[in-house]
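The sequence shown begins at 1 in my numbering and counts up one residue at a time. C-beta atoms are modelled at their ideal positions from N, C-alpha and C, and glycine is treated no differently. Working notes for the structure below.
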Amino acid sequence: MKKSIIKISVLFVSMAFVLSCDKEFLNTKPLDKISSQATWADGALSEAFIFNVYSYLGYGGFEEQALAAYTDEAMFTHAGRNINTFTEGSETANNKAWESPTYEYGRMYLAIRQANVALQSLPTATFTDATLKEKLTGEAYFLRAYYYQQLVRFYGGVPLISKPYGLNEDYTIARSTYDECVKFIISDLDNAIKLLDGKSTVAGRATKISAMALKARVLLYAASDLHDATALKAKTPTIGTFTNLELLAYTSGDRAARWAAAKAAAKAVLDVSAGYKLNLTAPATAADGTANYMSIAMGGQSAVGDASASSELIFQRTHTGLYTAEDNWPLGGIHYGINNGPNGYHNWAGNTPIQNLVDDYEMMDGSKFDWTKAEHKAAPYSNRDPRFYATVLYDGAVWKPRPSDVAGLDPVNQIQTGYYDDGAGGKINGIDTRESAVENWNGSRTHYYTRKFIDANPGLADNQSSAQVIPWPFIRVTEMALSYAEAALETGDEAEALKWVNRIRFRAGMPAVTDKGDALRQRIRNERRVELVYEEHRYHDARRWLIAATTVGRGIKSLNIEAKLKTGAKALKPYKYDKNIYTYNYTVVDNTENETRKWVDKMYFRPLSRDEMSRNNKLVQNPGY
Numbered sequence: 001m002k003k004s005i006i007k008i009s010v011l012f013v014s015m016a017f018v019l020s021c022d023k024e025f026l027n028t029k030p031l032d033k034i035s036s037q038a039t040w041a042d043g044a045l046s047e048a049f050i051f052n053v054y055s056y057l058g059y060g061g062f063e064e065q066a067l068a069a070y071t072d073e074a075m076f077t078h079a080g081r082n083i084n085t086f087t088e089g090s091e092t093a094n095n096k097a098w099e100s101p102t103y104e105y106g107r108m109y110l111a112i113r114q115a116n117v118a119l120q121s122l123p124t125a126t127f128t129d130a131t132l133k134e135k136l137t138g139e140a141y142f143l144r145a146y147y148y149q150q151l152v153r154f155y156g157g158v159p160l161i162s163k164p165y166g167l168n169e170d171y172t173i174a175r176s177t178y179d180e181c182v183k184f185i186i187s188d189l190d191n192a193i194k195l196l197d198g199k200s201t202v203a204g205r206a207t208k209i210s211a212m213a214l215k216a217r218v219l220l221y222a223a224s225d226l227h228d229a230t231a232l233k234a235k236t237p238t239i240g241t242f243t244n245l246e247l248l249a250y251t252s253g254d255r256a257a258r259w260a261a262a263k264a265a266a267k268a269v270l271d272v273s274a275g276y277k278l279n280l281t282a283p284a285t286a287a288d289g290t291a292n293y294m295s296i297a298m299g300g301q302s303a304v305g306d307a308s309a310s311s312e313l314i315f316q317r318t319h320t321g322l323y324t325a326e327d328n329w330p331l332g333g334i335h336y337g338i339n340n341g342p343n344g345y346h347n348w349a350g351n352t353p354i355q356n357l358v359d360d361y362e363m364m365d366g367s368k369f370d371w372t373k374a375e376h377k378a379a380p381y382s383n384r385d386p387r388f389y390a391t392v393l394y395d396g397a398v399w400k401p402r403p404s405d406v407a408g409l410d411p412v413n414q415i416q417t418g419y420y421d422d423g424a425g426g427k428i429n430g431i432d433t434r435e436s437a438v439e440n441w442n443g444s445r446t447h448y449y450t451r452k453f454i455d456a457n458p459g460l461a462d463n464q465s466s467a468q469v470i471p472w473p474f475i476r477v478t479e480m481a482l483s484y485a486e487a488a489l490e491t492g493d494e495a496e497a498l499k500w501v502n503r504i505r506f507r508a509g510m511p512a513v514t515d516k517g518d519a520l521r522q523r524i525r526n527e528r529r530v531e532l533v534y535e536e537h538r539y540h541d542a543r544r545w546l547i548a549a550t551t552v553g554r555g556i557k558s559l560n561i562e563a564k565l566k567t568g569a570k571a572l573k574p575y576k577y578d579k580n581i582y583t584y585n586y587t588v589v590d591n592t593e594n595e596t597r598k599w600v601d602k603m604y605f606r607p608l609s610r611d612e613m614s615r616n617n618k619l620v621q622n623p624g625y
């Protein structure tokens, strides 16, 4: 039988060969590839090429491991993922800590090469739609600038490559100075702004305003302490004595002018982007403040919340299959809910908020939370900044309906991250703890879970979260407002700084502030902390302000929660939160289960890997590695 099949196969192949032996045979084109000439002769194919350049944006910040876990925002629950190599200060060029593909050195250069191919090819492209050609060129400039700013804000100055190298060319190239890199990125963004002016806009693709906003971010970073040689020398000896400090910072020039440029760039964006409810003249109610923030986190895409909150987004990662499948992206949703939600919902508790973050949410009257105050310690989740309730799932918080196999243990759908008196000398372990009967290995170690970015629609089960279509906010209007406020303060314009800080606070339901000088500076920094939490800003903010020793360096704090029955009360079975029956005791503890955090100054910049150094002998390693 096998021989017969072989003979038949040979016969068919022979017939096919005879039938195809005509003059067209040698002109057959591969059906699985498109030539460069064909790509740039067709508008749709050229657009598809640009889509592939977008694909290097990856999932944005919706990866299983979050950059928040490198900060005092979060702890990554699952040990062994190389997070602690960074947070404990042990990273070396030979032993790199976890890196996201959204900023990994080699991958960014792959993205830049694709952008360079487009920028080289589009000027001579033969398709006839001139408007489309300008638009694609503008997007390519934006994307090259975006990927370079990713490299620069993690590594400092990097080699600037503005053309696609051929096979036999010399790939070795020295790092450019920080100043040169900033000028290169700004030049690309200015080109993008010009080319994208007046062009149609599509969510998830670069626009004139997104190019303006990225320019404002780059200029804000450039004005900050991390990139000022004088500040580095004063605050970070390891970095300040680096022989090639020009790779990391400005060693000359007018810092006041840099702050002024950052201020002007951010204001230019605010002049054309109203954002979401940034025009209030008095604080929203507490309930509206929470709803406003939740709507922003949902990007206007959830059935729960205000759809008009999408106006807050300037540049986002959509979940509509816009880009190519370079990373095998799902055509629809993401898995943020299952990655980070409570184990009592069959989720994985990935990047859980830490007590350090929770403590930095102000009280409703604008005062600081303080564990030494009896009323705060007795009820730490009462009367807090309304944004807290839209960001963190805490013990007793109401959440979605439990899965059917868990519903009988919690018919009222409350987060259970504590341990509760059972009335018989024992305790009931909260369903969402690591001692739970429900997938305890996926329980939070900090006794919190993230709520922000998980679709609050009760009809969507987080452990089936491919249905979630929440966009990732690469850049949003409030980042620009906070950047403007910071730059305004640093240029002596306290009135403008206060005006914009209070606009943000009013939307959140928080009272106006009247701080001045350094007190206002600290207020702005805390506003960035709680407003932009989990949006990949804290890692960069703590570094550019040179305060990381007091963020990552503080270690991880978590909270133990115990409930004792009041005299004469009977334990509730199934348990539910009830302060009339239980007295709740909260104890802050140091958490070193996965990491013993430590800050060393070399961590202000990531190391270039040994492989990269071997491939390019002109590279200079960052200090401390």
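Quiz item: How would you label D385, buried or exposed, when you count the other beta carbons within 10 angstroms and need 16 or more for buried?
Solution: Indexing the sequence shown from 1 puts residue 385 at position 385. D385 is buried by the Cβ-count criterion.
Report task. Please name the residue in L247, T251, R144, A274 whose C-alpha comes closest to that of A211. Result -> Along the sequence shown, one-based indexing puts residue 211 at 211. Ranking L247, T251, R144, A274 by Cα distance to A211 puts R144 first.
Sufficient close CB pairs (3 or more, under 8 angstroms) joining the segment 345 to 355 to the segment 503 to 514: no
> Who pairs with A563 in a beta bridge, going by DSSP?
Replying inline: On the sequence shown, residue 563 is found 563 positions in, with the first residue counted as 1. For A563, which the question treats as bridged, DSSP gives the partners Y420, Y584.
> Can you round the beta-carbon distance between L220 and A256 to whole angstroms, since I take them to be within the 8 angstroms contact cut?
Replying inline: On the sequence shown, position 220 is the one that residue 220 refers to. On the sequence shown, position 256 is the one that residue 256 refers to. L220 to A256, Cβ: 14 angstroms. No contact.
**Study point:** Simplified DSSP assignment, three categories, for F154
**Key:** Walking along the sequence shown from the start, residue 154 turns up at place 154. Here F154 sits in helix by DSSP.
* Of the choices W98, N84, L110, whose alpha-carbon is the least far from that of N52? -> Along the sequence shown, one-based indexing puts residue 52 at 52. Out of W98, N84, L110, L110 has the C-alpha closest to the C-alpha of N52.
**Q.** Run of the beta strand (DSSP E) containing N429, from where it starts to where it stops
**A.** For the purposes of this step, residue 429 is taken as the residue at position 429 of the sequence shown. Per DSSP, N429 belongs to the beta strand (DSSP E) from 427 to 429.
So, for G553: in the same chain, excluding its five sequence neighbours on each side, which residues have a beta-carbon less than 8 angstroms away from its beta-carbon? Translated into positions along the sequence shown, residue 553 becomes position 553. Only R597, K598, W599 meet the Cβ criterion.
So what's E326 in DSSP terms, helix, strand or just coil?
-> Here the question's residue 326 lines up with position 326 in the sequence shown. Confidence at E326 is low in this model, with a pLDDT of 42, below 50, so the placement of that residue is unreliable and no value is reported for it.
>> Among the candidates S614, W40, F453, T514, whose CA atom is the shortest distance from the CA of S295?
In response: To locate residue 295, count along the sequence shown from 1; it is residue 295. Checking every option, the nearest Cα to that of S295 belongs to F453.
Worksheet item: Do three or more CB pairs link the segment 277 to 296 to the segment 486 to 496 at distances below 8 angstroms?
Response: no
| field | Nonlocal neighbours in the same chain, by C-beta distance under 6 angstroms from G61, ignoring five residues either side | value | Taking the first residue of the sequence shown as 1, we reach residue 61 at position 61. Once the five neighbours on either side are set aside, the close Cβ partners of G61 are W472, E536.
ask   = From N429 to G418, what does the alpha carbon distance come to, in whole angstroms?
value = Residue 429 sits at position 429 when you count from the first residue of the sequence shown. Residue 418 sits at position 418 when you count from the first residue of the sequence shown. About 7 angstroms.
Checklist entry - Does DSSP put Q414 in a helix, in a strand, or in coil? => result Taking the first residue of the sequence shown as 1, we reach residue 414 at position 414. Strand at Q414.
In terms of residues, what are the limits of the beta strand (DSSP E) holding N351? Translated into positions along the sequence shown, residue 351 becomes position 351. Here the beta strand (DSSP E) through N351 covers 351 to 353.
Next on the checklist: Considering only the alpha carbon of each residue, which of G275, A140, Y584, F242 lies closest to H376?
Outcome noted: The residue you call residue 376 lines up with position 376 of the sequence shown. If we check each option's Cα against that of H376, Y584 comes out closest.
Requested in this report: Tell me whether P623 is buried or exposed, calling it buried when 16 or more other Cβ atoms sit within 10 Å of its Cβ.
Outcome: Residue mapping note: residue 623 aligns to position 623 of the sequence shown, counting from 1. Result: buried.
Rounded distance between the beta-carbons of S224 and W545, thought under 8 angstroms: Position 545 of the sequence shown holds residue 545. Position 224 of the sequence shown holds residue 224. The C-beta distance from W545 to S224 rounds to 7 angstroms, short enough to fall under 8 angstroms.
>> On the CB-based measure, 16 or more other CB atoms within 10 Å of its CB, does S273 come out buried or exposed?
In response: Sequence index remark: in the sequence shown, residue 273 carries index 273 (1-based). By the neighbour-count rule (16 or more Cβ atoms within 10 Å), S273 is buried.
Report the CB separation of L57 from T102 in whole angstroms; it is logged as a contact under 8 angstroms.
Counted from its first residue, the sequence shown places residue 57 at position 57. Counted from its first residue, the sequence shown places residue 102 at position 102. Yes, L57 and T102 are in contact; Cβ-Cβ is about 7 angstroms, under 8 angstroms.
Notebook entry, point to check: R615: buried (16+ other C-beta within 10 angstroms of its C-beta) or exposed?
Noted result: Indexing the sequence shown from 1 puts residue 615 at position 615. It is exposed - the Cβ of R615 has fewer than 16 other Cβ atoms within 10 Å.
- Query: Over what stretch of residues does the beta strand (DSSP E) that includes L313 continue unbroken?
  - Reply: Residue mapping note: residue 313 aligns to position 313 of the sequence shown, counting from 1. Counting along the chain, the beta strand (DSSP E) containing L313 begins and ends at 313 to 317.
**Item:** Coil, strand or helix - R258 by DSSP
**Value:** Counted from its first residue, the sequence shown places residue 258 at position 258. Helix at R258.
Starting from the C-beta of L280, find all residues in its chain whose C-beta is less than 8 angstroms away, skip the five residues before and the five after it, and write them out in chain order. For this step, residue 280 is matched to residue 280 along the sequence shown. Taken in chain order, the residues that qualify are R503, F506, R507.
Nearest-angstrom Cα separation, counted from S252 out to E73: One-based indexing of the sequence shown puts residue 73 at position 73. One-based indexing of the sequence shown puts residue 252 at position 252. Cα to Cα, the separation comes out at about 34 angstroms.
**Asked** If you count every other CB in all the chains shown that lies within 10 Å of the CB of W259, and 16 or more means buried, which is it?
**Response** If you number the sequence shown from 1, residue 259 lands on position 259. With 16 or more Cβ atoms within 10 Å of its Cβ, W259 is classed as buried.
### Task
Have a look at D395, Q414, A397 and flag the residue whose alpha-carbon is nearest the alpha-carbon of P403.
In the sequence shown, residue 403 corresponds to position 403, counting from 1. Comparing Cα positions, the closest option is Q414.
Note to self: Applying the 10 Å Cβ sphere with the 16-neighbour rule, what's the burial state of Y178?
What the structure shows: Position 178 of the sequence shown holds residue 178. The residue in question, Y178, is buried, as its Cβ has 16 or more Cβ neighbours within 10 Å.
task: Out of G299, I561, N343, point me to the one whose CA is closest to D462's CA.
output: Against the sequence shown, residue 462 aligns to sequence position 462. Closest by alpha carbon: N343.
So, R317 versus Y148, is the Cβ gap smaller than 8 angstroms? The residue given as residue 317 occupies position 317 in the sequence shown. The residue given as residue 148 occupies position 148 in the sequence shown. The criterion of a C-beta distance shorter than 8 angstroms is not satisfied by R317 and Y148.
Q.
Using 8 angstroms as the threshold, is the C-beta distance between F474 and G156 below it?
A. The residue given as residue 474 occupies position 474 in the sequence shown. The residue given as residue 156 occupies position 156 in the sequence shown. Going by C-beta atoms, F474 is not nearer than 8 angstroms to G156.
- Message: So for D627, helix, strand or coil by DSSP?
- Response: Within the shown structure, residues of the chain are numbered from 1 to 625, placing residue 627 beyond reach of any answer.
Please determine whether the Cβ atom of S176 lies at a distance below 7 angstroms from any heavy atom of the ligand FMN. Because no ligand of any kind appears in the structure shown, any question about the ligand FMN cannot be addressed here.
Taking the C-alpha atoms as reference points, what is the distance between N292 and K400? To locate residue 292, count along the sequence shown from 1; it is residue 292. To locate residue 400, count along the sequence shown from 1; it is residue 400. So the alpha carbons of these two residues sit roughly 19 angstroms apart.
query: Can you tell me the Cα-Cα spacing of A41 and G138, whole angstroms?
result: In the sequence shown, residue 41 corresponds to position 41, counting from 1. In the sequence shown, residue 138 corresponds to position 138, counting from 1. The alpha-carbon atoms of A41 and G138 are separated by roughly 18 angstroms.
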